[in-house]
Every structure is written in C-alpha cells, then in structure tokens.
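For reference, the structure discussed in these notes is given below.
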Amino acid sequence: MKRVTGIGGVFFKSEDPKQLKEWYQKHLEVGEIFQWIDPNQPDAKEPAQTVWSPFKKDTTYFAPSEKPFMFNYRVHDLDALLAVLREEGVTIVGEVQEFPYGKFGWILDPEGNKIELWEPKD
C-alpha cells in the first residue's frame, strides 16, 4: 500500500497572516495554492494541489501539538492507512472528517508534531 503520495499543505502560525500572505505574494509571487501533476494519478482530470497557508498565532487547529506548524500529506486510501498506523501504535487524533474536497485524518509523530492526512477527491 502506498502511504503518502505528496505534500498537501504547509501550515504555520503567524502574527499577521493577511500581511504575511501579501508580503509573500509581492516579493516572491507565492500564492496560497501550488498546482502540479501527480505522477501517481497521470489520468487525473484536474492538477494536484499543495496549499501554503499561515494561520493566526492563537489557532487551536494544530492541537494537541504545541508546535507552530503542521504538515498535510496527500494519501491514497485514508481509512486503510489509519488502520495500519493504528496497528503500528501511531497516535491517531480525533475522527476522520469528510468534505466535498476530500477526507482528513490526523496523527502525532514521536515528537508531538500533528500531521494532517488528506485523501483528496480529485
């Protein structure tokens, strides 16, 4: 089973997310979404996406991690992966959530970093 197929997002805390986004756009032409062709899905109708997004410094979205960042990884089969990770003793955080753009699950790595796993609906 293929576990991670790509980076779905890079999220981090910021004093002023709006101002920081504007700075990155002006000076580096970095937007919030990077599009690319997923070599694991060459027949996909839409390009894959990686999201870059600063969050407010007081966000609780990264909890229970106290780190100022969180990575999101694209996965092929979230439910199967979470079952394997659970068997391997990995800490699962919360319940799977599903949205029109995909399913999400969360785990903690050995250093307490929260990792978001995303099965996109391409």
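In this note's numbering, the protein residues as written are 912 to 1033. For every residue, glycine included, the Cβ atom is placed at its ideal position computed from N, Cα and C.
Asked: Pick helix, strand or coil for Arg914, following the three-state DSSP scheme.; Found: coil
Asked: What does a CB cutoff of less than 6 Å around Gly1013 pick up in its chain, not counting 5 residues either side in sequence?; Found: Trp1029, Glu1030, Pro1031, Lys1032
Asked: What residues in its chain sit with their C-beta under 8 Å from that of Met912, if we drop five residues either side in the sequence?; Found: His987, Asp988, Ala991, Leu992, Val995
Asked: Among Ile918, Tyr935, Pro958, Gly917, which one has its Cα closest to the Cα of Ser925?; Found: Tyr935
Asked: Round the Cβ separation of Ile944 and Val962 to the nearest angstrom and send it over; I've been treating them as touching at under 8 Å.; Found: 6 Å
Asked: May I ask you to report which of helix, strand or coil DSSP gives Pro1021?; Found: coil
Asked: What are the start and end residues of each continuous beta strand (DSSP E) run of 3 or more residues lying completely inside the stretch 964-1004, in chain order?; Found: 980-986
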